[in-house]
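K.L.:
Let me give you the structure first, and then I'll get to my questions.
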Amino acid sequence: MILMHWCFLFSQSMTFDFVTNGTIHHLRSFNSKGAHFKLFACENMIFTKIRISAPGDSPNTDGIKIGKSNGITIKSASIGTGDDCIAMVSGTRNVWISDVFCGPGHGVSIGSLGKNDGEEDVDNINVKNCTFSDTTNGLRIKTWASPLTKILKASHIVYEDIVMNNVGNPILIDQEYCPNRGCSNKVPSNVQINTVSYKNIRGSVNSEHAMNLKCSEKEPCQNIIVENIDLWPNDGKRKLNNWCSHAYVSSFGKQNPPSCL
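Quick note, the sequence shown lines up with residues -15 to -1, 1 to 246 if you use mature numbering (1 follows the signal peptide of the UniProt record, and there is no 0).
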């Protein structure tokens, strides 16, 4: 097994490495130089009533970044940053996120995944009863368009009862993730995204796409379920669209805008 850690450009306010059965309650973090809280190889940790704040234009200031950890609960939190409010990367399993206010920031992200060999699957992620306000993204899954020697999986992901206020990309799967110039998107991602549910998601959008599923040509997204989606333009005038590529999607209930089946 390859034990992967991360290299950060800036220091973190607080790190939790190899912590088991921990509870973090009523903690505040302001204007971190890098990520506010980082979790690596942790088991059964609970974060409640956390407040995290950084300017919306501050780079690499993830609120909570989780990797190679199992059994993480985040609830009743307020997170505003210049990067992901919460990011879950390689080896993250069994996460419960609820009653979180996110904004500003880049939303709640799974990934990025699939850049290097040796990464581990992400499984059983649950995001419920959360609000996103003035974020560039809402619910995002991002994977690199990089060749891997084996298939990496992100599966059993639930998003439910979510409110979007003036959000850029409320529902986004980006399997052509390439944050820096010079990388090629011509290699299909070798990350398979499977069994993802979006249920009861409503609110306003400041871009053209309510749902944008750019899945891998090599490993198409499987078993994507969208149920009771009601998203509208923030100005009340623009027409919103949904875009799906290489995705097997089933829709139920209200679909505004219409599903991209």
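Cβ atoms here follow ideal geometry from the backbone N, Cα and C, with glycine treated the same way. Being a predicted model, the structure only gives us computed values, none of them experimental.
Given a cut-off of 8 angstroms on the beta-carbon distance, is the pair G153 and S94 in contact?
P.N.:
The residue labelled residue 153 in the question sits at position 168 within the sequence shown. The residue labelled residue 94 in the question sits at position 109 within the sequence shown. Not a contact, by the Cβ cut-off of 8 angstroms.
K.L.:
Hey, could you find the ends of the beta strand (DSSP E) E212 is sitting in?
P.N.:
Residue numbering aside, residue 212 sits at position 227 when the sequence shown is read from its first letter. Residues 206 to 218.
K.L.:
What is the residue span of the beta strand (DSSP E) that N197 lies within?
P.N.:
For the purposes of this step, residue 197 is taken as residue 212 along the sequence shown, with counting starting at 1. Segment 194 to 199, the beta strand (DSSP E) holding N197.
K.L.:
If you run the structure through DSSP and keep just helix, strand and coil, what is T134?
P.N.:
Position 149 of the sequence shown holds residue 134. Coil.
K.L.:
Using a Cβ-Cβ cut-off of 7 angstroms (strictly less than) and excluding sequence neighbours within five positions of T8, which residues of its own chain qualify?
P.N.:
For the purposes of this step, residue 8 is taken as the residue at position 23 of the sequence shown. The answer, listed in chain order, is I31.
K.L.:
Distance, Cα to Cα, V148 vs S201?
P.N.:
Position 163 of the sequence shown holds residue 148. Position 216 of the sequence shown holds residue 201. About 28 angstroms.
K.L.:
How would you call R125, buried or exposed, if buried means at least 16 neighbouring beta carbons within 10 angstroms?
P.N.:
One-based indexing of the sequence shown puts residue 125 at position 140. R125 should be labelled buried.
K.L.:
Excluding the five sequence neighbours on either side, which residues of its own chain have a C-beta within less than 6 angstroms of the C-beta of W(-10), listed in chain order?
P.N.:
Numbered from 1 along the sequence shown, position 6 holds the residue referred to as residue -10. Residue placement at W(-10) is poorly supported in this model, since its pLDDT is 45, which falls under 50; the coordinates still yield a value, given next. Here W(-10) has no same chain residue with a Cβ atom under 6 angstroms from its own Cβ, once five neighbours each way along the sequence are excluded.
K.L.:
Going by beta carbon distance, what residues of the same chain come within less than 6 angstroms of S(-3), once the five residues before and after it are set aside?
P.N.:
In the sequence shown, the residue the question calls residue -3 occupies position 13. Around S(-3): S14, S17, H21.
K.L.:
With DSSP as the reference, please indicate the residues paired to S174 in a beta bridge.
P.N.:
One-based indexing of the sequence shown puts residue 174 at position 189. DSSP output for S174 lists no bridge partner at all.
K.L.:
Helix, strand or coil: which one does DSSP assign to I71?
P.N.:
Indexing the sequence shown from 1 puts residue 71 at position 86. Of the three classes helix, strand and coil, the one that applies to I71 here is strand, per DSSP.
K.L.:
Per DSSP, S140 is paired with what?
P.N.:
Position 155 of the sequence shown holds residue 140. D108, N179.
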